[in-house]
Amino acid sequence: GESVGLHLPTLSVQEGDNSIINCAYSNSASDYFIWYKQESGKGPQFIIDIRSNMDKRQGQRVTVLLNKTVKHLSLQIAATQPGDSAVYFCAENRKEYGNKLVFGAGTILRVKS
Amino acid sequence: NAGVTQTPKFRVLKTGQSMTLLCAQDMNHEYMYWYRQDPGMGLRLIHYSVGEGTTAKGEVPDGYNVSRLKKQNFLLGLESAAPSQTSVYFCASSYISGKSSYNEQFFGPGTRLTVL
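Taken in order, these protein sequences are the chains called A and B. Numbers in our numbering are just positions in the first sequence, counted from 1, shifted up by 4. Numbers in our numbering are just positions in the second sequence, counted from 1, shifted up by 122.
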């Protein structure tokens, strides 16, 4: 899950296994959510998004699940590869601040070969 | 397309110095944003712009100013740098959504700023 502070939660998985990264969001009025991947020394990169009128959305090797009842998002990565190692952020869209994205602190994903 | 570019990539300042970070995007996006990212934290919004000639404050605007004189450029200024402004700064841009919120933001590579 997400946490705030200096120590990010870390998920270590074996190459080829599936990964699940969790995120709790704060605002029940948020209607759009994005997962970003950030590799060391780079800017965040869009992975997948989901609108609040959906429960699930699939991309290539990734699936996002949205549970509005408990304000929870998850990102599932199938057949995790070494190139998936990065920090993953969820973000919720809020209409104030010009459709502001509010980011979680991030989860570190480490893939072991 | 280059996407979102930022200059400089790295900078070291002394306390009290000023500088301007430049962000440019070639995607014709209306919205542009400046964030800062500190260790172990997500991105925090400093200022944003919903169009040429308009700017507004985000979560952590103090100590920063911005200008959007051209649609493709968004400048972030530090008038008198402080050690607390040591951070990595990211610029992002997005297009205007339709009726519903749809705000995929495209990020630049970041500027690493150290204030001594």
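C-beta: ideal position from N, C-alpha, C; glycine also.
Check your understanding: Around the Cβ of Glu6/A, are there at least 16 other Cβ atoms within 10 angstroms (buried) or fewer (exposed)?
Key -> Here residue 6/A corresponds to residue number 2 of the first sequence, with the count starting at 1. Summary for Glu6/A: the model assigns pLDDT 39, below 50, so the residue's position carries little reliability, and this model does not support an answer.
Check your understanding: Does Gln147/B have its Cβ less than 8 angstroms from a Cβ in chain A?
Key -> Translated into the one-based positions of the second sequence, residue 147/B becomes position 25. So, not an interface residue.
Check your understanding: Glu226/B touches chain A at which residues, Cβ-Cβ below 7 angstroms?
Key -> Position 104 of the second sequence, counted from the first residue, corresponds to residue 226/B. The answer, in chain order, is Ile38, Phe50, Asp53.
**Study point:** Contacts that Asn109/A makes with chain B (C-beta to C-beta distance below 9 angstroms)
**Key:** If you number the first sequence from 1, residue 109/A lands on position 105. Correcting the residue identity first, residue 109/A is Ala in this sequence and not Asn. Those within 9 angstroms of Ala109/A in chain B are Gly162, Met163, Gly164.
Exercise for review: Over the uninterrupted beta strand (DSSP E) stretch that includes Ser78/A, give me the two end residues.
Suggested key: Walking along the first sequence from the start, residue 78/A turns up at place 74. Per DSSP, Ser78/A belongs to the beta strand (DSSP E) from 76-81.
Exercise for review: Answer yes or no: does any C-beta atom of chain A fall closer than 8 angstroms to that of Leu235/B?
Suggested key: Along the second sequence, read from residue 1 onward, the residue named residue 235/B stands at position 113. No, Leu235/B does not count as interfacial toward chain A.
Exercise for review: Compute the distance between the beta-carbons of Gln194/B and Gln147/B, then report whether it is under 8 angstroms.
Suggested key: Reading the second sequence from its first residue, position 72 is the one you call residue 194/B. Reading the second sequence from its first residue, position 25 is the one you call residue 147/B. Yes, the Cβ-Cβ distance between Gln194/B and Gln147/B is below 8 angstroms.
Review point. In three-state terms, what does DSSP make of Gly9/A?
Key: Numbered from 1 along the first sequence, position 5 holds the residue referred to as residue 9/A. Summary for Gly9/A: the model assigns pLDDT 39, below 50, so the residue's position carries little reliability, and this model does not support an answer.
Check your understanding: How would you list, in chain order, the residues of chain A whose beta-carbon sits under 9 angstroms from the beta-carbon of Pro231/B?
Key -> On the second sequence, position 109 is the one that residue 231/B refers to. Going along chain A in sequence order, the residues near Pro231/B (Cβ under 9 angstroms) are Gly45, Lys46, Gly47.
Review point. Do the CB positions of Gly164/B and Phe93/A come within less than 8 angstroms of each other?
Key: Counting from 1 along the second sequence, the entry for residue 164/B is found at position 42. Counting from 1 along the first sequence, the entry for residue 93/A is found at position 89. It is a contact, given that the beta carbons lie within the stated cut-off.
**Study point:** Proximity test, Cβ basis, 8 angstroms: Lys116/A and chain B
**Key:** Start at 1 with the first residue of the first sequence, and residue 116/A comes out as number 112. No, Lys116/A lies away from the interface with chain B (no Cβ there is under 8 angstroms from its Cβ).
Exercise for review: Below 6 angstroms CB to CB, which residues in the same chain sit around Val8/A once its five sequence neighbours on both sides are set aside?
Suggested key: Reading the first sequence from its first residue, position 4 is the one you call residue 8/A. Because Val8/A carries a pLDDT of 36, less than 50, the predicted location of this residue cannot be relied on, and no value is offered for it.
Point to revise | Minimum length 3: unbroken beta strand (DSSP E) runs contained in the region 26-106 of chain A | key: 36-42, 49-55, 60-62, 66-71, 76-81, 90-98
Exercise for review: Name, please, each residue of chain A whose Cβ falls closer than 9 angstroms to the Cβ of Phe132/B.
Suggested key: Indexing the second sequence from 1 puts residue 132/B at position 10. Neighbours of Phe132/B on chain A: none; closest Cβ ~11 angstroms, over 9 angstroms.
**Study point:** Where the region 186-210 of chain B meets chain A: residues whose CB sits under 8 angstroms from a CB there
**Key:** none
Review point. Are the region 12-26 of chain A and the region 74-87 of chain A in contact at 8 angstroms, needing three or more beta carbon pairs?
Key: yes
Point to revise | Gln194/B - DSSP class collapsed to helix/strand/coil | key: To locate residue 194/B, count along the second sequence from 1; it is residue 72. Looking at Gln194/B - three-state DSSP - the assignment turns out to be coil, as it is neither helix nor strand.
Review point. In this structure, does DSSP put Gln128/B in helix, strand or coil?
Key: To locate residue 128/B, count along the second sequence from 1; it is residue 6. Gln128/B: strand per DSSP, three-state reduction.
Review point. Going by other Cβ atoms of all chains shown within 10 Å of its Cβ, with 16 needed for buried, is Leu95/A buried or exposed?
Key: As a working note, residue 95/A is residue 91 in the first sequence. Residue identity check: residue 95/A is Ala in the sequence provided, not Leu. Result: buried.
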